[in-house]
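Read top to bottom, the protein sequences are chains A and B.
Just so we're aligned: the first sequence equals residues 7 to 96 in the numbering used here.
Just so we're aligned: the second sequence equals residues 17 to 333 in the numbering used here.
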Amino acid sequence: MTTTFRRHPDLRLAALDGEGVVLHLGSRKYFTVSETGVAILDLLEQPRALDQLVAGLMERYDVDAAHADQSVRAFLDRCRSAGLILESES
Amino acid sequence: MPGARGVYPLAIPPVIQPGIHVSSADPALAAAVLPWVAALELDPPAPVTLEIVVGTPGPDPGEPPTFSQPHLSLWTDQRGARLTWDGAPAEALLPGTERRARVTLSPAALDRLDDCCRVFLLGVVILLLRRAGWHHVHAATAIDPKGRGWLFAGNAMAGKSTTAAWCATRGWAVGTDDTAFLAAAGSHVEVVAARGPLALRDGGKALLSRPDGTPLPSRGKTGYRPEDLGGRWAPRIRPDIIAFSAVGSGATHVGPISPRETLAALVRWSAWVLFEPSLADEHLGLLSSLAGQTRSLRLTLGPDLFAPGDRLMELVP
């Protein structure tokens, strides 16, 4: 069983010089997002598993797997609590 | 006997001019609202219409408003938007993304028509103009002596009006102290000003040493036109600088603000972006473009701003 993640359809992302702001049109809240957060949200335009997100981050940045995994998990936790992502099992 | 028929001007087919139109079965009511609309001096890229009737607004929906700000409550869903005023019974219904609003004003609202226009109908116009491609931002606008466009954003006590009036006293062109609209202009974003008095509290009047002006009793303020203060009116600017202002007690100074903070602050001062999902993408795109084309800074306003000279031009040469 693999868990895949994708953006909530109510999510809107505006990025500028790498950083960005995320709006959730359903909850009517907004959040600022770091450069790596924008990178992960870019990847989540398509449904992705955790290992795909980690690999995607490692392609973009000079970061080791352990650090990338930790960053992705922490970011997904924050997105989950804010209702910014959807998860499905396959 | 029919009158003589003119030659049909084929080269000039019938057109609908852009603008803010007012229609009402009561000609006197339309005539009373039109001067307020005309005074805004707004010429949107597509026409919008206020259809005004006198009557009893419908009851509020059972659910809480989507958005509330002082004096206004907004409900939105896929069917459109509904805006109400707390000053007297009044509602506006905007179907879907149509550029028309059916406005019902109670007799009590008519008794307070000046406030009703300034607060409620302005809110309706803001919603309508979104549908014509102009997106509201709560900010003051000005053009400095070097021709740079400035956008001053901040909350109600951030000194926007006093700063706008100060700019006029230094010969800057000033658009608005409060109500502005983002408009796409090719690859850039321009900001259109709704014409209105620069409204100063007594503290601002004292800082600018201006005992004159037009009393605005219902607001507890005094109004000035930029021309009254030595400036001129700027109906539209192309922002080069965004200043997020706040009032401080020390010397006036500027500081940096990151792109992420800039975008977040622009969203904060453009609350409507969040409340009508069908228009959010366009609005957010304009905010992103605006942040990308401008230099952003934090501006803390101190008493030294009001000393002779142009302190802002010294700080941001």
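The beta carbon of each residue, even a glycine, is placed where N, CA and C say it ideally should be.
Computed from a predicted structure; not experimentally measured.
Handout entry: From B/THR316, B/ARG276 and B/LEU90, residue whose alpha carbon lies closest to that of B/SER265
Key = B/THR316
Handout entry: Inter-residue Cα distance where the pair is B/ALA215 and B/ASP193
Key = 8 angstroms
Exercise for the section: Evaluate contact between the stretch 162-170 of chain B and the stretch 260-277 of chain B, counting only Cβ atoms and requiring at least three cross-stretch pairs below 8 angstroms. Expected result: yes
Exercise for the section: Measure the Cβ-Cβ separation of B/HIS151 and B/HIS37 and say whether it is below 8 angstroms. Expected result: no
Exercise for the section: Let me know if B/ARG95 comes out buried or exposed under the rule of 16 or more other beta-carbons within 10 Å of its beta-carbon. Expected result: exposed
Practice task
Using the Cα positions of A/GLY89 and A/LEU31, report the straight-line distance between them to the nearest angstrom.
Solution key: 11 angstroms
Problem - Pairwise C-alpha distance: B/THR238 and B/ASP326 - result: 23 angstroms
Problem - Between the CA atoms of B/TRP288 and B/ASP228 - distance to the nearest angstrom - result: 35 angstroms
Exercise for the section: Would you mind telling me which residues of chain A sit closer than 8 angstroms to B/GLY246, beta carbon to beta carbon, in chain order? Expected result: In chain order: nothing, as chain A lies at least about 36 angstroms away.
Problem - Rounded straight-line distance, which links the Cα of B/GLY246 to that of B/ALA184 - result: 6 angstroms
Practice task
For A/VAL60, count neighbouring C-beta atoms within 10 Å of its own C-beta (all shown protein chains included) and say buried if the count is 16 or more, exposed if not.
Solution key: buried
Practice task
Mark B/VAL69 as exposed unless 16 or more other C-beta atoms lie within 10 angstroms of its C-beta, in which case mark it buried.
Solution key: exposed
Handout entry: CB contact below 8 angstroms: B/PRO275 versus chain A
Key = yes
Practice task
Check whether the Cβ of B/ILE32 lies closer than 8 angstroms to any Cβ atom in chain A.
Solution key: Model confidence at B/ILE32 stands at a pLDDT of 47, short of 50, so the residue's coordinates are unreliable; what they give is reported in the following sentence. False, the Cβ-Cβ gap to chain A never drops below 8 angstroms.
Handout entry: From B/PRO333, B/ALA281, B/GLY308 and B/THR310, residue whose alpha carbon lies closest to that of A/THR38
Key = B/ALA281
Exercise for the section: Can you check the stretch 193-236 of chain B for any alpha helix (DSSP H) of at least 4 residues that lies completely inside it and give the ranges in chain order? Expected result: 218-224
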